[in-house]
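First the structure, in the form of structure tokens, and then the observations on it.
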Amino acid sequence: MGKVIRSQNDTWTRAEDASAIGALRRRAVMLAEDRGFDEEDAGRVAVAVSEAASNLVKHAVEGVMLIRPHPELDSAIEVIAIDRGPGMRDVSRALRDGYSTAGTLGIGLGGIARMTSGYDVHSMPGRGTVLGMYFIARDAPRPASRVSGLTRPIGEEIVCGDAFVVAENDATTTVMLCDGLGHGSLAAHASQEAVRLFLQHTDLPPVTVLERIHLGLGSTRGGAVAVARVDRAAGTVSFAGLGNVSAWIAHHEGRQGMISVPGIAGHKARTLRQYEYAVPQHSVIVLHSDGLSDRWDITSYPGLVTRPPSVVAATLLRDAGTRRDDACVVAMRPWTS
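Throughout, the numbering used here is defined as the position within the sequence shown, counted from one, plus 22.
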């Protein structure tokens, strides 16, 4: 089966006043210490998270931050900051030494970048900024940054009814996304059962995996399910979907949709089919539940397809996500970097 990446119970924290800064810093330091970071490495995490959170409090509109174990490498920490603030016209200027917005710790975005083990930024005037960064203890391995997924529950729900899971080996990356019918614990049960079934059959073709999940979800609410397998060397993707999970091949010139058949996994389905697609270089595969509108236009985000999957997923969650449903989005690279 190789490496497995599962969706986490992502906890997004709003950063609207100064009290959020300390809470986010403490959460990040606790996570660093749990992963064996020494005092100096944990200090880097504390400073970078404090500065990023301070920027959100000072300038953001609907600024939120996610702090979690890195999905590709549990020994690393991932931090994603999203805002609908004014955005930056010139990110490269903001990364220069000496450039800092008033009221922050004074190290600026360039200082944040030096504190991290890896980072990326996508920002647009009038839309806001997404900052993705990760931290590793010194001499530890780095994550591949090949695939990332994010979840967000509806409203004030604690659990998300959407889930994803990724299985990787030397040649392929296979992702399954399930949107459990409805929301809350029963929807989450359906999507987690889909994850369990997927992990039993990862070596089978995507359409066969989908068939097994469909047959196995009969005792649950069911849901919409999609399975996509990327052959990294060939730059191709095999896809099978049932229900309204959206799947796209996004590139500089636009996007191509991948075909799902109507139905509800576990309850109602037409004949399931698998489709094969060639994927251009410098593209990204995106799967998302209907908690995100499918009306986003990748060409309106210059340079986004070249960013790490975490930044792609976070940008789409911010701009296409709705608070009227659970949301899940996964982004992955189809080629070997």
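No residue lacks a Cβ here, since even glycine has one placed at the ideal position from N, Cα and C.
Please read these numbers as outputs of a predicted model, since none were measured by experiment.
Discussion item. Can you find the residues in the same chain that come closer than 6 Å, C-beta to C-beta, to VAL83, ignoring five residues on each side of it along the sequence?
Written reply: Position 61 of the sequence shown, counting from 1, holds the residue named residue 83. So the list reads ARG106, GLY107, once near-sequence residues are dropped.
Practice prompt. Look at ASP63 and ALA159 and say whether their C-beta atoms are less than 7 Å apart.
Written response: The residue given as residue 63 occupies position 41 in the sequence shown. The residue given as residue 159 occupies position 137 in the sequence shown. Yes; because the gap between Cβ atoms is below 7 Å, this pair is in contact.
Worksheet item: Which residue's Cα is closest to the Cα of GLY24: SER241, ASN191, ALA248, VAL327?
Response: Translated into the one-based positions of the sequence shown, residue 24 becomes position 2. With distances taken between Cα atoms, GLY24 lies closest to ASN191.
Discussion item. Pop quiz: LEU221 and VAL26 are said to be a contact at Cβ under 8 Å. What is the actual Cβ separation, rounded to whole angstroms?
Written reply: The residue you call residue 221 lines up with position 199 of the sequence shown. The residue you call residue 26 lines up with position 4 of the sequence shown. 7 Å between Cβ atoms; contact.
Practice prompt. Within the same chain, show all residues whose beta-carbon is closer than 8 Å to that of ALA210, passing over the 5 residues directly before and after it, in chain order.
Written response: What you label residue 210 is simply residue 188 of the sequence shown in a count that begins at 1. Around ALA210: VAL181, CYS182, GLY183, ALA185, GLY202.
Worksheet entry | Nearest candidate by alpha-carbon position, reference LEU78, set ARG66, LEU95, ILE104, GLY263 | Within the sequence shown, numbered from 1, the residue matching residue 78 stands at position 56. Among ARG66, LEU95, ILE104, GLY263, the Cα nearest to that of LEU78 is on ILE104.
Fill in: Nonlocal neighbours in the same chain, by C-beta distance under 6 Å from GLY140, ignoring five residues either side
In the sequence shown, residue 140 corresponds to position 118, counting from 1. Cβ within range, chain order: TYR156.
Practice prompt. Use the C-beta contact count for GLN214: other C-beta atoms within 10 angstroms, 16 or more gives buried, fewer gives exposed.
Written response: Numbered from its first residue, the sequence shown carries residue 214 at position 192. By the neighbour-count rule (16 or more Cβ atoms within 10 Å), GLN214 is buried.
Worksheet item: For SER122, does the three-state DSSP call read helix, strand or coil?
Response: The sequence position of residue 122 within the sequence shown is 100, counting from 1. With a pLDDT of only 48 at SER122, under 50, the local geometry of the prediction cannot be trusted, and the value read off the model is given with reservation. Looking at SER122 - three-state DSSP - the assignment turns out to be coil, as it is neither helix nor strand.
Worksheet item: Do you know how far the Cα of THR33 is from the Cα of SER5?
Response: Since the first and last residues shown for the chain are 23 and 359, residue 5 lies out of range.
Worksheet entry | Limits of the unbroken beta strand (DSSP E) element including ALA103 | On the sequence shown, position 81 is the one that residue 103 refers to. 95–105 is the span of the beta strand (DSSP E), which, as asked, contains ALA103.
Worksheet entry | C-beta contact flag for ALA287 and SER170 at 7 Å | Translated into positions along the sequence shown, residue 287 becomes position 265. Translated into positions along the sequence shown, residue 170 becomes position 148. Their beta carbons are not under 7 Å apart, which means ALA287 does not touch SER170 by this criterion.
Worksheet item: Nearest-angstrom Cα distance between VAL301 and VAL327?
Response: In the sequence shown, residue 301 corresponds to position 279, counting from 1. In the sequence shown, residue 327 corresponds to position 305, counting from 1. Distance between the alpha carbons of VAL301 and VAL327 is about 13 Å.
Worksheet entry | Outcome for LEU53 when other beta-carbon atoms lying within 10 angstroms are tallied against a minimum of 16 | One-based indexing of the sequence shown puts residue 53 at position 31. Counting Cβ neighbours within 10 Å, LEU53 comes out buried, since at least 16 surround it.
Worksheet item: Span of the alpha helix (DSSP H) holding HIS18?
Response: Any answer about residue 18 is impossible in this case: the structure gives the chain only from 23 up to 359.
Discussion item. Tell me the DSSP secondary structure of ASP347 in three-state form.
Written reply: For the purposes of this step, residue 347 is taken as the residue at position 325 of the sequence shown. In the structure shown, ASP347 sits in coil (DSSP, three-state: anything other than H, G, I, E or B).
Worksheet item: Among the residues of its own chain, which have a CB less than 8 Å from the CB of HIS92, if the five just before and after it don't count?
Response: Within the sequence shown, residue 92 is the residue found at index 70, counting from 1. Excluding residues within five positions, the ones whose Cβ falls inside 8 Å are ALA98, ILE99, GLU100, TYR156, PRO165.
Worksheet item: Which runs of the alpha helix (DSSP H), 4 residues or longer, sit entirely within the segment 34–97?
Response: 41–56, 61–81
Worksheet entry | From ILE307, ASP341, ARG295, residue whose alpha carbon lies closest to that of GLY313 | The sequence position of residue 313 within the sequence shown is 291, counting from 1. The shortest C-alpha separation from GLY313 is found at ASP341.
Worksheet item: How about ILE89 and ARG49: are their beta carbons less than 7 Å apart?
Response: Locating residue 89 in the sequence shown gives position 67, counting from the first residue. Locating residue 49 in the sequence shown gives position 27, counting from the first residue. Result yes, Cβ atoms of ILE89 and ARG49 sit closer than 7 Å.
Worksheet entry | Enclosing beta strand (DSSP E) for VAL143 [first to last residue] | Position 121 of the sequence shown holds residue 143. Segment 140–146, the beta strand (DSSP E) holding VAL143.
Item to complete: Take the Cβ of ILE391 as the centre, count every other Cβ of all protein chains shown within 10 Å, and call the residue buried at 16 or more, exposed below.
Response: Here the chain covers residues 23 to 359 and nothing more, so residue 391 does not appear.
Discussion item. Taking 6 Å as the limit between beta carbons, can you name the residues of its chain near VAL187, skipping five residues before and five after?
Written reply: In the sequence shown, counting from the first residue as 1, residue 187 sits at position 165. Once the five neighbours on either side are set aside, the close Cβ partners of VAL187 are ARG28, MET198, VAL217, PHE220.
Fill in: ASP236 in three-state terms, based on DSSP
The residue you call residue 236 lines up with position 214 of the sequence shown. Note that residue 236 is His in the sequence shown, not Asp. Helix, per DSSP.
Worksheet item: If you follow the alpha helix (DSSP H) that LEU338 is part of, which residue opens it and which one closes it?
Response: Working through the sequence shown from its first residue, we reach residue 338 at position 316. Counting along the chain, the alpha helix (DSSP H) containing LEU338 begins and ends at 331–342.
Worksheet item: ALA272 lies in the beta strand (DSSP E); which residues open and close that run?
Response: Numbered from its first residue, the sequence shown carries residue 272 at position 250. ALA272 -> beta strand (DSSP E) spans 268–273.
Worksheet entry | Unbroken beta strand (DSSP E) run spanning ARG164, endpoints | Taking the sequence shown and counting its residues from 1, the one referred to as residue 164 is at position 142. Premise fails: ARG164 is in no beta strand (DSSP E) and is neither H nor E.
Worksheet entry | SER122 to GLY132 span [Cα, whole Å] | Translated into the one-based positions of the sequence shown, residue 122 becomes position 100. Translated into the one-based positions of the sequence shown, residue 132 becomes position 110. Because SER122 carries a pLDDT of 48, less than 50, the predicted location of this residue cannot be relied on, and the following value inherits that uncertainty. Their Cα atoms are separated by approximately 9 Å.
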